[in-house]
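**Q**
Residue numbers (the numbering used here), protein chains in the order written: chain U, 1 to 345; chain R, 1001 to 1345.
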């Protein structure tokens, strides 16, 4: 069992810098596309044998140090009573957006083992098969709220912000409901065997620091506090690099960073006792091999100013990415940070 | 003549905080829509009498302290030989994207008074009619390059970054050509009467700080240096809040800030001798009047830590914005910062 990732999460000494890649199971892999050709995306998420299969693919292909459950952040949202569809052109669509009190009232509390048993079944299958730690995950309350209010992706998040500014109490009651569900959802994943959890706040970067502090952060703190001491919690506030002084109040064990901030600058703001995860620009995987390697070295250099560093991209790997470049990145990180390659190669 | 905006640009003492709003001439105004109903967008940009008319509208309606030339950042790009179309659904489209050496080679140097005389004619008309300073503008080289390489807007800017990483010399030669044209374009606006210029780097936030420093910043510095001592240059690096330590190297007279950063935090990074512009979340204009006022007060408070502050939104005003809220914002800024309202009201 390779415990390097979990040790780094806890800030313990490691022999090399562990690495995994956001969206490492996915469209850029021909092996994934082969599975996906047989079933639609939601069916894949809901079929434990298949979800486990694609979760495992990058562990062998890339040689990463952690697996992340293959699922979608909107799975618990659907379980709350929302009508979810994945459209090839528009991405996720929720046909009954929540925009008023009645909408919030009709949301159901999620009972994970009953409403989304396939998630926990996938986790259990994976724990039997994995030789690296398994990361469970959930969307953060603000990010889930934007999907629920907008009914999908958005450009300006106007419906969300209208509710925030015009009906702050209603917005808070929605955030409270979501938070309760996120806690029980992550709790169920952990009980099934997830050894760490990542909370993805993919859209929190549309908030001003002041709004983040008042409307989003308190709920993240609540989630993090719920799992303190059980498993490491990674908080990824995407595009939140200009408000790290607030982000760090989340109390997370690990902070995920996107590529818009210099790693050493981020550590300076988060504090040298912080564990960081990130943050290579995913587009660098389209560059030449020597450039990928030298940029990985720069990120590793920044990461050494922190208590511990888990290497990752600064965002999900892009569908068009050449697989061999992702493999080369993982090899470079291992080699440059301590010579794992010698052990395995 | 109201010189407050120009005084603030130069860091001089002012009686109240000047305010203007990015995209203040535009779709949210019924008066603009009336003009726009008669002609398409590009024709409006290219007809001095009409472009001047819509530039003037917000001065009277909102009571702002500066006018900004009504135009589009792609006007000089079209003059470089690119085939520009504004599509209602997709936004700007450039039908002949620049992706190789041949593409870069065919780009023409812009001779502004000859190729885009309507811009300078609009500036001259406006200077005859305006009682507030006139801001000219251009897109920054990186932002213009993304449009030229992608052929329009983009999500991941993969074509741009591929060229940056795979063909850095070609990318630099494109940036050099664009920079030369931006300099002559802004120079022509200034000679025609523009009293300040803003350089919009709308997409620079997709770069890592390291890439910003090496591939985008040098060209911005060159532009800023070209106008040093002639007119104030405002540099707006949108979504660059996590790399202000690099952004401030541009040497601009004024730094525009988006709403993702706390104004006082930004000033701390830029230095107390800096002049800042911004940075209220444009979505706040959909909130209640008292919330708009109290948030404006918070931004003003942060702005007082800088040498001077020009109030603005953190991004362009949204088309759906209630006009009366924009008026209320301008009034609040004037009133809270020194009582201009008493003079005019």
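For every residue, glycine included, the Cβ atom is placed at its ideal position computed from N, Cα and C.
Because the structure is a prediction, the values reported are computed rather than measured.
From the beta carbon of residue 89(U), is the nearest beta carbon of chain R less than 8 Å away?
**A** As a working mapping, residue 89(U) is identified with position 89 in the first chain. With 8 Å as the cut-off, residue 89(U) does not count as an interface residue toward chain R.
**Q** Tell me, please, whether the CB atom of residue 158(U) is closer than 8 Å to any CB atom in chain R?
**A** By 1-based counting over the first chain, the position of residue 158(U) is 158. Judged by the 8 Å Cβ criterion, residue 158(U) is in contact with chain R.
**Q** Nearest-angstrom Cα distance between residue 334(U) and residue 65(U)?
**A** Along the first chain, read from residue 1 onward, the residue named residue 334(U) stands at position 334. Along the first chain, read from residue 1 onward, the residue named residue 65(U) stands at position 65. Distance between the alpha carbons of residue 334(U) and residue 65(U) is about 10 Å.
**Q** Exposed or buried, what is residue 1224(R) when buried is set at 16 or more other beta-carbons lying within 10 Å of its beta-carbon?
**A** Along the second chain, read from residue 1 onward, the residue named residue 1224(R) stands at position 224. Buried, since its Cβ has 16 or more Cβ neighbours within 10 Å.
**Q** Straight-line CA distance for residue 108(U) to residue 82(U)?
**A** Indexing the first chain from 1 puts residue 108(U) at position 108. Indexing the first chain from 1 puts residue 82(U) at position 82. Straight-line Cα distance between these residues: approximately 9 Å.
**Q** Closest by CA to residue 48(U), which one among 148(U), 35(U), 164(U)?
**A** The residue given as residue 48(U) occupies position 48 in the first chain. Nearest of 148(U), 35(U), 164(U) to residue 48(U), Cα basis: 35(U).
**Q** Closer than 8 Å, CB to CB, is residue 1259(R) near chain U or not?
**A** For the purposes of this step, residue 1259(R) is taken as the residue at position 259 of the second chain. Yes, residue 1259(R) counts as interfacial toward chain U.
**Q** Are the C-beta of residue 248(U) and some C-beta of chain R separated by less than 8 Å?
**A** Locating residue 248(U) in the first chain gives position 248, counting from the first residue. Judged by the 8 Å Cβ criterion, residue 248(U) is not in contact with chain R.
**Q** How would you label residue 39(U), buried or exposed, when you count the other beta carbons within 10 angstroms and need 16 or more for buried?
**A** Start at 1 with the first residue of the first chain, and residue 39(U) comes out as number 39. Under this definition residue 39(U) is an exposed residue.
**Q** Excluding the 5 residues flanking residue 1329(R) on each side, which residues of the same chain have their C-beta closer than 7 Å to its C-beta?
**A** As a first step, residue 1329(R) is located in the second chain; it is residue number 329 there, counting from the start. Once the five neighbours on either side are set aside, the close Cβ partners of residue 1329(R) are 1285, 1292, 1296.
**Q** Report yes or no: do three or more beta-carbon pairs, one from the region 238-249 of chain U and one from the region 1126-1142 of chain R, lie closer than 8 Å?
**A** Verdict: no, contact absent.
**Q** To the nearest angstrom, how far is it from the Cα of residue 1075(R) to the Cα of residue 1116(R)?
**A** As a first step, residue 1075(R) must be located in the second chain, where it is residue number 75. As a first step, residue 1116(R) must be located in the second chain, where it is residue number 116. Using only the alpha carbons, I get a separation of about 8 Å.
**Q** Note down the Cα distance separating residue 1351(R) from residue 338(U), rounded to an integer number of angstroms.
**A** What the structure shows of chain R is the stretch from 1001 to 1345, and residue 1351(R) is not part of that stretch, so it cannot be assessed.
**Q** Measuring CB to CB, does residue 1172(R) end up less than 8 Å from residue 1160(R)?
**A** Within the second chain, the letter at position 172 stands for residue 1172(R). Within the second chain, the letter at position 160 stands for residue 1160(R). Not closer than 8 Å, so no.
**Q** Could you check whether the region 1227-1235 of chain R touches the region 1258-1271 of chain R, counting it as contact only if at least three pairs of C-beta atoms, one from each stretch, sit closer than 8 Å?
**A** These segments do not touch.
**Q** Please tell me whether residue 208(U) has its Cβ less than 8 Å away from any Cβ of chain R.
**A** Reading the first chain from its first residue, position 208 is the one you call residue 208(U). True, the Cβ-Cβ gap to chain R drops below 8 Å.
**Q** Unbroken beta strand (DSSP E) runs of length 3 or more, entirely within the region 1111-1160 of chain R: which are they?
**A** 1134-1139, all fully within the region 1111-1160 of chain R.
**Q** Quick one: which chain U residues come within Cβ less than 8 Å of residue 1329(R)?
**A** Along the second chain, read from residue 1 onward, the residue named residue 1329(R) stands at position 329. Here the premise fails: no neighbours, minimum Cβ distance about 13 Å.
**Q** When the Cα of residue 1239(R) is compared with those of 1176(R), 1249(R), 1318(R), 1256(R), which residue comes out closest?
**A** Indexing the second chain from 1 puts residue 1239(R) at position 239. It is 1256(R).
**Q** In terms of residues, what are the limits of the alpha helix (DSSP H) holding residue 60(U)?
**A** Taking the first chain and counting its residues from 1, one reaches residue 60(U) at position 60. Residue 60(U) -> alpha helix (DSSP H) spans 48-62.
**Q** Just to confirm before moving on: does the CB-CB distance between residue 102(U) and residue 199(U) stay below 8 Å?
**A** Reading the first chain from its first residue, position 102 is the one you call residue 102(U). Reading the first chain from its first residue, position 199 is the one you call residue 199(U). Cβ atoms of residue 102(U) and residue 199(U): not closer than 8 Å.
**Q** Cβ of residue 30(U) within 8 Å of Cβ of residue 1261(R)?
**A** Taking the first residue of the first chain as 1, we reach residue 30(U) at position 30. Taking the first residue of the second chain as 1, we reach residue 1261(R) at position 261. No.
**Q** If we count the other Cβ atoms within 10 Å of its Cβ and call it buried at 16 or more, is residue 345(U) buried or exposed?
**A** Within the first chain, the letter at position 345 stands for residue 345(U). Residue placement at residue 345(U) is flagged as unreliable, the pLDDT there being 36, under the threshold of 50; a coordinate-derived value is accordingly withheld.
**Q** So with CB distances below 9 Å, who are the chain U contacts of residue 1262(R)?
**A** Residue mapping note: residue 1262(R) aligns to position 262 of the second chain, counting from 1. Result: 208, 209, 210, 242, 243, 245, 246.
**Q** Can you tell me whether DSSP reads residue 237(U) as helix, strand or coil?
**A** Walking along the first chain from the start, residue 237(U) turns up at place 237. Strand.
**Q** Measuring straight from C-alpha to C-alpha, what distance separates residue 1219(R) and residue 1070(R)?
**A** The residue you call residue 1219(R) lines up with position 219 of the second chain. The residue you call residue 1070(R) lines up with position 70 of the second chain. The straight-line gap from Cα to Cα measures roughly 24 Å.
**Q** Just verifying my parser: in three-state terms, what is the DSSP assignment at residue 92(U)?
**A** As a position in the first chain, residue 92(U) is number 92, starting the count at 1. Correct three-state label for residue 92(U): strand.
**Q** Measuring only between beta-carbons, confirm whether residue 161(U) sits less than 8 Å from chain R.
**A** Residue numbering aside, residue 161(U) sits at position 161 when the first chain is read from its first letter. Output row for residue 161(U): interface = yes.
**Q** Across which residues does DSSP place residue 32(U) in a beta bridge pair?
**A** Numbered from 1 along the first chain, position 32 holds the residue referred to as residue 32(U). None; residue 32(U) has no bridge partner.
**Q** DSSP three-state label for residue 199(U), please.
**A** For the purposes of this step, residue 199(U) is taken as residue 199 along the first chain, with counting starting at 1. In this structure, residue 199(U) counts as strand in the three-state DSSP scheme.
**Q** Starting from the beta carbon of residue 166(U), find every residue of chain R whose beta carbon is closer than 9 Å, and list them in chain order.
**A** On the first chain, residue 166(U) is found 166 positions in, with the first residue counted as 1. 1286, 1287, 1288, 1291, listed in chain order.
**Q** Return the Cβ separation of residue 59(U) and residue 132(U) in integer angstroms, given the expectation that the two are a contact with Cβ distance under 8 Å.
**A** Here residue 59(U) refers to the residue found at position 59 when the first chain is read from its first residue. Here residue 132(U) refers to the residue found at position 132 when the first chain is read from its first residue. Yes, residue 59(U) and residue 132(U) are in contact; Cβ-Cβ is about 6 Å, under 8 Å.
**Q** Using a Cβ cut-off of 8 Å, pull out every chain U residue sitting near residue 1169(R), in sequence order please.
**A** Residue 1169(R) sits at position 169 when you count from the first residue of the second chain. Result: empty, since nearest Cβ-Cβ is about 13 Å, beyond 8 Å.
**Q** So residue 351(U) and residue 106(U) are supposed to be a Cβ contact under 8 Å. How far apart are they, rounded?
**A** Absent from the structure is residue 351(U), since the part of chain U shown begins at 1 and ends at 345.
**Q** Less than 8 Å between the beta carbons of residue 1299(R) and residue 1325(R), yes or no?
**A** Here residue 1299(R) refers to the residue found at position 299 when the second chain is read from its first residue. Here residue 1325(R) refers to the residue found at position 325 when the second chain is read from its first residue. No, these two residues do not count as a Cβ contact at 8 Å.
**Q** Quick one: which unbroken alpha helix (DSSP H) runs of 4-plus residues sit fully inside the region 165-199 of chain U? Chain order, please.
**A** Entirely contained in the region 165-199 of chain U, the alpha helix (DSSP H) runs reaching 4 residues are, in chain order, 168-192.
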